[in-house]
Amino acid sequence: MRVVRSVVLGCGSYLPEKALTNSDLAQMVDTSDEWIVQRTGISQRHIAAEGQTTSDLGYNAAKAALDDAGIDASSLDLIILATATPDNTFPATSVSIQHRLGMSHGAAFDVHAVCSGFVYAMTTADAYIKAGLAKRVLVIGAETFSRILDWEDRTTCVLFGDGAGAVVLEAQEGEGTVDDRGILTCKLRSDGCHQKKLYVDGGPSSTQTVGHLRMEGREVFKHAVGMISDVVDDAFSETGLTADDLTWFVPHQANKRIIDSSAKKLGIDPQKVVCTVQKHGNTSAASVPLALTEARRDGRIKTGDLVMLEAMGGGFTWGSVLLRW
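Just so we're on the same page, the numbering used here is the position in the sequence shown counted from 1, plus 1.
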């Protein structure tokens with residue numbers, strides 16, 4: 002049976018020029034390189050320059066993805082941007098990127114699911130394509146988390162960084178089997194009872210301020226592995242595939258310990274895990290496409306590879322996307 006699949010045409014990423022090392026942070030708060038690496042696996046993160054916005058990062062990643070796909074923005078039908086750090090309360094930051102790309106047709110909107118944002122955006126794009134509402138969709142994850150950090154809180158400021166990544170999806174026909182190229186299945190979850198474990202203590206409706214990120218680290222870690230395993234196992238059950246069938250596992254880059262523990266619980270060979278957290282820190286919605294693009298550029302991910310994406314973020318939200326490259 003012929004089916005429509007959302008196939009990745011290209012991917013791209015962008016990181017701000019400034020890299021903030023653990024040693025740099027040790028000059029700002031009571032911490033050390035050893036303390037950060039031991040608990041998180043992070044060695045550095047990139048920080049947006051003064052005046053550099055989320056749309057700036059997203060635009061650069063979008064251009065890189067379009068170039069990699071060999072297409073122009075004029076052929077896009079839709080842009081979906083995943084971000085928790087928009088340029089403005091409104092309009093949607095995606096519209097700013099749309100304008101800078103010279104695209105005045107189609108539509109653009111933002112998705113807000115924090116660190117799960119890119120997975121949510123990919124799922125939304127896949128739904129549009131399968132419904133026949135779009136043939137080509139640009140999906141972006143872009144964040145400037147440095148703008149919402151409390152730089153005196155060593156438990157959070159050491160974790161996050163800024164960056165952006167993007168992919169271009171195109172509708173293509175498949176045979177309806179797991180050997181098809183494109184997205185095979187998507188799984189999304191959320192549970193609002195956990196919102197106080199990871200949140201920002203401000204907003205237009207509540208405090209009329211931007212606020213700062215607050216997190217109960219141990220609680221997040223406690224729930225993360227189980228939630229990640231839930232949506233990955235669900236994807237395997239639906240498709241009949243297993244961890245052994247995976248070519249690459251591209252998880253949200255939050256913490257090396259969470260990544261390792263999740264892979265172990267799922268029975269995924271450590272050699273199949275793409276990890277960039279040491280260089281980028283946690284870039285929220287940008288982390289999965291940043292890791293994905295790096296693994297594609299260095300030749301690890303190849304056409305025909307089976308790739309599992311997953312993420313978990315504030316809310317809590319979590320989800321997975323299983324695709325064949």
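Quick reminder that beta carbons are idealized off the backbone N, C-alpha and C, glycines included.
Judged by their CB atoms, W319 and I229 are nearer to each other than the 8 Å cut-off. With contacts defined by Cβ atoms closer than 8 Å, L160 and T41 form a contacting pair. Burial state of N283 is buried, judged by a 10 Å Cβ sphere holding 16 or more other Cβ atoms. Counted as a single uninterrupted DSSP element, the alpha helix (DSSP H) harbouring W36 occupies residues D34 to T41. Ranked by Cα distance from Y60, the options R148, H106 and A143 are led by A143. Taking Q279 as reference, the option from Q272, A292 and D270 with the minimal CA-CA separation is A292. Y200 is bridged by DSSP to R215. Rounded to whole angstroms, S56 and R3 show a C-alpha spacing of 38 Å. Between D78 and R137, the C-beta gap is smaller than 8 Å, which places the two residues in contact. With respect to the C-alpha of S263, the residue from V232, S238 and A286 having the closest C-alpha is V232.
Using a Cβ distance threshold of 8 Å, M104 and A74 count as a contacting pair.
Excluding five sequence positions before and after T210, the CB atoms of its chain that fall closer than 7 Å to its own CB belong to G203, given in chain order. Boundaries around Q173 are those of the beta strand (DSSP E), D163 to G175, since no alpha helix (DSSP H) includes it.
Contiguous beta strand (DSSP E) elements confined to the region 43–121 occur at 45–48, 79–83 and 108–112, taking only those with 3 or more residues.
Nearest in C-alpha terms to I81, of all of A287, E174 and G300, is A287.
Shown here for A93: same chain residues with a beta carbon closer than 8 Å to its own, the five before and five after excluded, namely L82, P87, A109, F110 and D111 in chain order. With contact defined as three or more Cβ pairs closer than 8 Å, the region 165–172 and the region 8–24 are in contact.
In the structure shown, the three-state DSSP call for T318 is strand.
Comparing alpha-carbon positions, the option among L21, L139, T248 and F317 lying closest to A296 turns out to be T248. Taking the CA atoms as reference points, R219 sits about 33 Å from R301.
In the DSSP assignment, R298 falls within the unbroken alpha helix (DSSP H) covering S288 to R298.
Residue pairing by DSSP places I141 opposite L82 and A167 in a beta bridge. Taking C-alpha positions only, R325 is separated from T90 by approximately 36 Å.
Straight across, the Cα-Cα distance linking P271 with R258 is about 12 Å. A direct Cα-Cα distance of roughly 16 Å separates V9 from Y121. Assignment of beta-bridge partners to C12 by DSSP yields V168.
Counted as a single uninterrupted DSSP element, the beta strand (DSSP E) harbouring L189 occupies residues G183 to S191.
The beta carbons of V275 and F237 sit no closer together than 8 Å. Excluding residues up to 5 positions away in sequence, R6 and V8 lie with their Cβ nearer than 6 Å to the Cβ of Q173 in the same chain.
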